[in-house]
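Going line by line, the protein sequences match chains H and B.
Residue numbering for the first sequence follows the working numbering, starting at 56 and increasing by one per position.
Residue numbering for the second sequence follows the working numbering, starting at 56 and increasing by one per position.
There are 2 protein chains.
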Amino acid sequence: ARQTTRAVGAETMRGRVPGPNGLHPLTDLDGNARLQCYEDRVKAAFDRIVPVLKQISALQHESDFEQHAQSIARAELGFDLPEHMLADAWVTQLDLRRLFAWCVFETYRRMADDFFANDPLGGREVHAFDRFIQDCGFHQLDVTPCADGRLAHAISYVLRLPFGAVRRKPYAGGLFDVENTVSKWGEVELGRFREGVPNTADAPTRYLKTVIYHYSSVDPHHQGCAAHGSNDAAAAQAALDRLLAFRQSVENGFCCGASVALLLIGMDTDTDAIRAHVPDGEGRMDLTQSVDAIKVYAITRDLEPTAARARVAELVKAHAPATADPGMLRLVARLIENNLSQIDYVRQVHGGRYADAGHAERFVGVGIGFEEIQLRNLTYFAYLYTVEEGAADLDVGRKIFGGLNVSRGLPIPIVIRFDYHGGVPGARERAATRCRRLDAALADRFADLDDRGLLHRLLVVRDSDAGTGIEVVGSSLDAQMSGGH
Amino acid sequence: ARQTTRAVGAETMRGRVPGPNGLHPLTDLDGNARLQCYEDRVKAAFDRIVPVLKQISALQHESDFEQHAQSIARAELGFDLPEHMLADAWVTQLDLRRLFAWCVFETYRRMADDFFANDPLGGREVHAFDRFIQDCGFHQLDVTPCADGRLAHAISYVLRLPFGAVRRKPYAGGLFDVENTVSKWGEVELGRFREGVPNTADAPTRYLKTVIYHYSSVDPHHQGCAAHGSNDAAAAQAALDRLLAFRQSVENGFCCGASVALLLIGMDTDTDAIRAHVPDGEGRMDLTQSVDAIKVYAITRDLEPTAARARVAELVKAHAPATADPGMLRLVARLIENNLSQIDYVRQVHGGRYADAGHAERFVGVGIGFEEIQLRNLTYFAYLYTVEEGAADLDVGRKIFGGLNVSRGLPIPIVIRFDYHGGVPGARERAATRCRRLDAALADRFADLDDRGLLHRLLVVRDSDAGTGIEVVGSSLDAQMSGGH
Ligand SMILES: [Zn+2]
Ligand SMILES: [Zn+2]
Ligand SMILES: [Zn+2]
Ligand SMILES: [Zn+2]
């Protein structure tokens, strides 16, 4: 009831008649339809698993159990279950934990195959965006969202950017690794000097590092950023501090005027609306000053598209420091405009605010890569090389899935992933070795869960140069699987 | 008896009267004296610890024990012992394990302070060598010796290079991390493009990556490289494969003719004599073909210095492929010539072959840094960021010290070290955090030792930009130490 009242209030406040379908004039209707189709399809595939397994479980002592179970699985999930997992059900019990993990991994695998084969989000069409950001004065966009699954769709949905044009490195609380980022910055600079990619080094463009912190407008004290105890101000300040440390590292470590551009963005995980803290001419950002997409939406929703676009630009300028860089203003105006479509997406598809205000991730992703993860609350994703260094991020993940899965008796499914450069000799084998090492370390750190069958891992590598899909190199389900045959 | 016979045989074979003091005409007598002084001084400091503690232990129930012990320590070790460690001896037993670890760490700290304050090896005089290698066609020398402590003096003693001019990254078995090295290569390239350091990017010089594998002429089947089961051929082949993988990574990962130079060196850990596998014009190296310093020594020992130097160059050319790069030949000739001094050093100081043919390291070093470790068999040093990734190297270290220390009831002293760039904000604190994380992981992995007081750690950071010494940020001895006060 409260929500309805608030929604009506908002409509009243806006006053005039809204655009077609009640949406913002700048909203990308086709884009929203395509994104919705993809989100529905993928999430439905994951969400069918538990009901189907319940149904199958109820049949496990029937005489034609295996045939019956397979026909249900084929019809509902679209794939067969592993025969040996069903074969023993008559003598013992169906091992539903293992079957659940197997189904999650199979669903993930099919999703990833589709993603790399068909590019359902069109994220590899990067040329126009690359040109645009270079016109704005930037040659690389590097974004760190929080590892929180509620930000996993930040690039493709919230900001509506082609994922192929953005380096994404999620860290819990947005606390990216400064040294690692300086090293990535150096790689990009070297590409400019050596190969003129993405542009030549004499072009007056900068590397743009962005952090997205987050908060919850519906339940700010409980559904904010777990890494910062749902303290929004602390989350924003920590992200800002990390950004400034990165810039200072580049400036101190390299002379000849080396520098980088910074942008801090906040995101409401209930509405997906963003706010941007535009830096002034000296690169300073003010946490109390921002351009808020939700306000821009309200102010511009009744204008014609051309007028709305002009008004967005004016509003960005008006809410930014007077000395802000014009290129940065153009980029932020684009991000705000893109975000208007997402605000409408949440309104159309989710009634203005997500029903899953909290965590609802389907699996955990750890490692390096995961370009295919572009959906909200699908994956808790921690960018890490080792359990030792990523322990804090993993413990947050464990806590989340303790509530989501373990409390219901279901295992935590973890996809371990390392991308590699196929052109580098031995890189595939080293990536597979990294997977196995991380797998052993996870099993060790979470031995209490593993011992009870409450932790399963799928080991995956991918040649990021080849543009092909993922390759499964192992699974915690394997040993017993082969034993069953 | 066998050794004497062999030595006489060698003298006879050489035939003519040798140079002054029976040494090679190109041997750097002053250098040898300075190096011997340093080696004797440092090792004696470590080797006095056990006898002094035995002496002190025998006195622990005397009435004036504390005063007596301190006066012995001051006289023999040059420093006082921590009072609280002595104070409890009358009521319980003197905790000699803790006292031993404390003395090793204190001796290490004093050695490091001396090293950074006084540059006893003159390793920061890099200009002449930098010029020389650039004349040879290289702008950076990056050397991976095995982590084995018997190669820890490879740069300053065996090759007689200024350590400040060489990037050293030891890995067990010489199996360096390809991706990490590509990233370091990129950093150097960027410095050339951006800042003209060490030279400008248009200079036709290359990054030279070198691996030093090792073998034992005295006991080849037991005292070779532990990481390769004392199989010399396997050690050499594995090092070569890793070098080729690195070059291919650079060539495949970067276009416009990016490449690197490679050099494979073998080292006899009994005599410190090297052999160099000089690449041909295409960069191919042959494991069966090498320039052997021990043979060059024998052939040139009776010549005048100028003639000897010319002959060294001829011999290098004669034992290298016909198409070898002239700059590479010059560099190898210099390394061989330098090594002649070390062959004589081992003859003068150690009777031609080290008495400690096997492991005799005094402590373990893990982490990033350790410029001050330049002595043979002082330190088993593993270049690593995490226990998880460095587990193989650490397990070798544990095995070695199981024999050296644990079998005698002594703990394994481990120095955990991370260098940082002082110009980078927060870098010192992140280095200290890395130390603490690695410390916890070590204590966890080797909990069986730690529980018995057989594993102690000193946590150390250093600002590698400032040129100052080390900073101790913690120790496994701390908690109980502060409790004792
Ligand atoms: Zn968060
Ligand atoms: Zn400069
Ligand atoms: Zn070795
Ligand atoms: Zn090119």
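Ideal Cβ placement from N, Cα and C applies to all residues, glycine included.
As the structure is a prediction and not an experimental result, all values here were calculated from the model.
Item checked: Alpha-carbon to alpha-carbon, Tyr438 (chain H) and Phe102 (chain B) -> Looking up residue 102 (chain B) in the second sequence gives position 47. Looking up residue 438 (chain H) in the first sequence gives position 383. Checking the displayed sequence, the identity of residue 102 (chain B) turns out to be Asp instead of Phe. So the two alpha carbons sit approximately 46 Å from each other.
Note to self: Taking the straight line between their C-alpha atoms, what separation do you get for Gly529 (chain B) and Ala495 (chain H)?
What the structure shows: As a first step, residue 529 (chain B) must be located in the second sequence, where it is residue number 474. As a first step, residue 495 (chain H) must be located in the first sequence, where it is residue number 440. Whole-angstrom Cα-Cα distance: 29 Å.
Next item on the list: Using three-state DSSP, classify Arg71 (chain B) as helix, strand or coil.
Entry: What you label residue 71 (chain B) is simply residue 16 of the second sequence in a count that begins at 1. The predicted model places Arg71 (chain B) with a pLDDT of 43, which falls under 50 and marks its position as unreliable, so this point remains unresolved.
Margin query: Against chain H, with Cβ distances strictly below 8 Å, would His269 (chain B) count as a contact?
Written below: For this step, residue 269 (chain B) is matched to residue 214 along the second sequence. False, the Cβ-Cβ gap to chain H never drops below 8 Å.
Margin query: Given 7 Å as the limit, tell me if Ala276 (chain B) has its C-beta closer than that to any heavy atom belonging to ligand 3.
Written below: Locating residue 276 (chain B) in the second sequence gives position 221, counting from the first residue. Per the sequence shown, the amino acid found at residue 276 (chain B) is His instead of Ala. No, the beta carbon of His276 (chain B) sits no closer than 7 Å to any heavy atom of ligand 3.
Item checked: Within 9 Å of chain B by C-beta, residues of the region 441 to 470 of chain H in sequence order -> Thr441, Val442, Glu443, Glu444 and Ala446
Next item on the list: Rank H:Thr82, H:Arg96, H:Gly229 and H:Gln122 by C-alpha distance to the C-alpha of Leu214 (chain H) and give the top, closest one.
Entry: Position 159 of the first sequence, counting from 1, holds the residue named residue 214 (chain H). Nearest of H:Thr82, H:Arg96, H:Gly229 and H:Gln122 to Leu214 (chain H), Cα basis: H:Thr82.
Check: Any beta-carbon of chain H closer than 8 Å to the one on Phe309 (chain B)?
Finding: In the second sequence, counting from the first residue as 1, residue 309 (chain B) sits at position 254. With 8 Å as the cut-off, Phe309 (chain B) counts as an interface residue toward chain H.
Notebook entry, point to check: What did DSSP end up calling Ser537 (chain H) once you bin it into helix, strand or coil?
Noted result: Position 482 of the first sequence, counted from the first residue, corresponds to residue 537 (chain H). Below a pLDDT of 50, predicted positions are generally treated as unreliable, and Ser537 (chain H), at 37, falls in that range; no measurement from the model is reported.
Margin query: Based on DSSP bridge pairs, tell me the residues matched to Gly321 (chain B).
Written below: Sequence index remark: in the second sequence, residue 321 (chain B) carries index 266 (1-based). Answer is B:Tyr268 and B:Arg330, bridged to Gly321 (chain B).
Next item on the list: When you get a sec, list the residues whose CB is within less than 6 Å of any heavy atom of ligand 6, chain order please.
Entry: The ligand content of the structure shown is limited to ligand 1, ligand 2, ligand 3 and ligand 4, which means ligand 6 is not among them.
Check: Below 8 Å between beta carbons: does that hold for Leu430 (chain H) and Trp157 (chain H)?
Finding: The residue given as residue 430 (chain H) occupies position 375 in the first sequence. The residue given as residue 157 (chain H) occupies position 102 in the first sequence. Going by C-beta atoms, Leu430 (chain H) is not nearer than 8 Å to Trp157 (chain H).
Item checked: Positions along the region 511 to 522 of chain H whose CB lies within less than 8 Å of some CB in chain B -> none
Notebook entry, point to check: Does Phe231 (chain B) get closer than 8 Å to chain H when you measure Cβ to Cβ?
Noted result: Here residue 231 (chain B) is taken as the residue at index 176 of the second sequence, counted from 1. For Phe231 (chain B), the answer is no, since every Cβ of chain H falls outside 8 Å of its Cβ.
Notebook entry, point to check: Any residues in the region 475 to 486 of chain H with a beta carbon nearer than 7 Å to a beta carbon of chain B? Which ones, in chain order?
Noted result: His476, Gly478, Val479, Pro480 and Gly481
Check: Along the chain, where does the beta strand (DSSP E) that runs through Ala437 (chain B) open and close?
Finding: As a first step, residue 437 (chain B) must be located in the second sequence, where it is residue number 382. It spans Thr434 to Tyr438 - the beta strand (DSSP E) in which Ala437 (chain B) sits, taken as one unbroken run.
Next item on the list: In angstroms with no decimal places, state the Cα-to-Cα distance between Asp520 (chain H) and Phe170 (chain B).
Entry: Along the first sequence, one-based indexing puts residue 520 (chain H) at 465. Along the second sequence, one-based indexing puts residue 170 (chain B) at 115. Whole-angstrom Cα-Cα distance: 46 Å.
Item checked: Limits of the alpha helix (DSSP H) - the one that Thr488 (chain B) falls within -> Position 433 of the second sequence, counted from the first residue, corresponds to residue 488 (chain B). That run of the alpha helix (DSSP H) goes Ala482 to Arg500.
Next item on the list: Determine whether the Cβ of Phe248 (chain H) lies closer than 8 Å to any Cβ atom of chain B.
Entry: One-based indexing of the first sequence puts residue 248 (chain H) at position 193. Phe248 (chain H) counts as touching chain B.
Note to self: Out of H:Ala124, H:Gly445 and H:Asn286, which one is the CA nearest neighbour of His269 (chain H)?
What the structure shows: By 1-based counting over the first sequence, the position of residue 269 (chain H) is 214. Measuring from the Cα of His269 (chain H), the nearest candidate turns out to be H:Asn286.
Note to self: Less than 8 Å between the C-beta atoms of Pro376 (chain H) and Ile267 (chain H), yes or no?
What the structure shows: Counted from its first residue, the first sequence places residue 376 (chain H) at position 321. Counted from its first residue, the first sequence places residue 267 (chain H) at position 212. In this structure, Ile267 (chain H) does not lie closer than 8 Å to Pro376 (chain H) by Cβ.
Next item on the list: Assign Gln397 (chain H) to one of two classes, buried (16 or more other C-beta atoms within 10 Å of its C-beta) or exposed (fewer than that).
Entry: Sequence index remark: in the first sequence, residue 397 (chain H) carries index 342 (1-based). Flag for Gln397 (chain H) reads buried.
Margin query: Does Glu66 (chain B) come out as helix, strand or coil in the three-state DSSP assignment?
Written below: Position 11 of the second sequence, counting from 1, holds the residue named residue 66 (chain B). Since pLDDT at Glu66 (chain B) reaches only 40, below the 50 mark, its modelled position is unreliable, and the value read off the structure follows with that caveat. The answer is helix: DSSP assigns Glu66 (chain B) an H, G or I state.
Margin query: I'd like to know whether the C-beta of Arg69 (chain H) is nearer than 8 Å to at least one C-beta of chain B.
Written below: The count along the first sequence starts at 1 and reaches residue 69 (chain H) at position 14. Any answer about Arg69 (chain H) is weak, because its pLDDT of 42 lies below 50 and its placement is not dependable; what the coordinates show is given next. Chain B, which has no Cβ nearer than 8 Å to the Cβ of Arg69 (chain H), makes this no.
Notebook entry, point to check: For chain B, is any of its Cβ atoms less than 8 Å away from the one on Ala256 (chain H)?
Noted result: Reading the first sequence from its first residue, position 201 is the one you call residue 256 (chain H). Ala256 (chain H) counts as touching chain B.
Next item on the list: Taking Ile210 (chain H) as part of the beta strand (DSSP E), name the residues at either end of that continuous run.
Entry: Here residue 210 (chain H) corresponds to residue number 155 of the first sequence, with the count starting at 1. Counting along the chain, Ile210 (chain H) falls outside any beta strand (DSSP E), and DSSP gives it neither H nor E.
Check: So Val233 (chain B) packs on Ala290 (chain B), CB below 8 Å; how close in whole Å?
Finding: Here residue 233 (chain B) refers to the residue found at position 178 when the second sequence is read from its first residue. Here residue 290 (chain B) refers to the residue found at position 235 when the second sequence is read from its first residue. With 8 Å as the limit, Val233 (chain B) and Ala290 (chain B) do not qualify as a contact, their Cβ atoms being about 18 Å apart.
Item checked: Secondary structure of Pro217 (chain H), DSSP reduced to three states -> Residue mapping note: residue 217 (chain H) aligns to position 162 of the first sequence, counting from 1. Reduced to three states, the DSSP call for Pro217 (chain H) is coil.
Notebook entry, point to check: Are the CB atoms of Leu245 (chain B) and Gly241 (chain H) nearer to each other than 8 Å?
Noted result: Taking the first residue of the second sequence as position 1, residue 245 (chain B) is located at position 190. Taking the first residue of the first sequence as position 1, residue 241 (chain H) is located at position 186. Contact: yes.
Next item on the list: With DSSP as the reference, please indicate the residues paired to Glu526 (chain H) in a beta bridge.
Entry: On the first sequence, position 471 is the one that residue 526 (chain H) refers to. Glu526 (chain H) is bridged to H:Val516.
Next item on the list: Use the C-beta contact count for Ala362 (chain B): other C-beta atoms within 10 angstroms, 16 or more gives buried, fewer gives exposed.
Entry: What you label residue 362 (chain B) is simply residue 307 of the second sequence in a count that begins at 1. Label assigned to Ala362 (chain B): exposed.
Item checked: Environment of Arg61 (chain H) [buried if 16+ CB atoms lie within 10 Å] -> In the first sequence, residue 61 (chain H) corresponds to position 6, counting from 1. A caution first: Arg61 (chain H) carries a pLDDT of 37, below 50, which makes its placement in the model unreliable, though a value can still be read off. Flag for Arg61 (chain H) reads exposed.
Next item on the list: With Asp168 (chain H) as the anchor, note down where its beta strand (DSSP E) starts and where it stops.
Entry: Counting from one through the first sequence, the residue named residue 168 (chain H) turns up at place 113. Premise fails: Asp168 (chain H) lies in the alpha helix (DSSP H), Leu151 to Asn173, not in any beta strand (DSSP E).
Next item on the list: Can you give me the Cβ contacts of Ala446 (chain H) inside the same chain, cut-off strictly under 8 Å, excluding the 5 residues immediately before and after it?
Entry: Along the first sequence, one-based indexing puts residue 446 (chain H) at 391. Counting only Cβ-Cβ distances below 8 Å, and skipping sequence neighbours, we find Arg500.
Checklist line | Identity of the residue in H:Leu504, H:Asp505, H:Phe418 and H:Tyr440 nearest Arg205 (chain H) by Cα | finding: Within the first sequence, residue 205 (chain H) is the residue found at index 150, counting from 1. For Arg205 (chain H), the nearest C-alpha among the options comes from H:Phe418.
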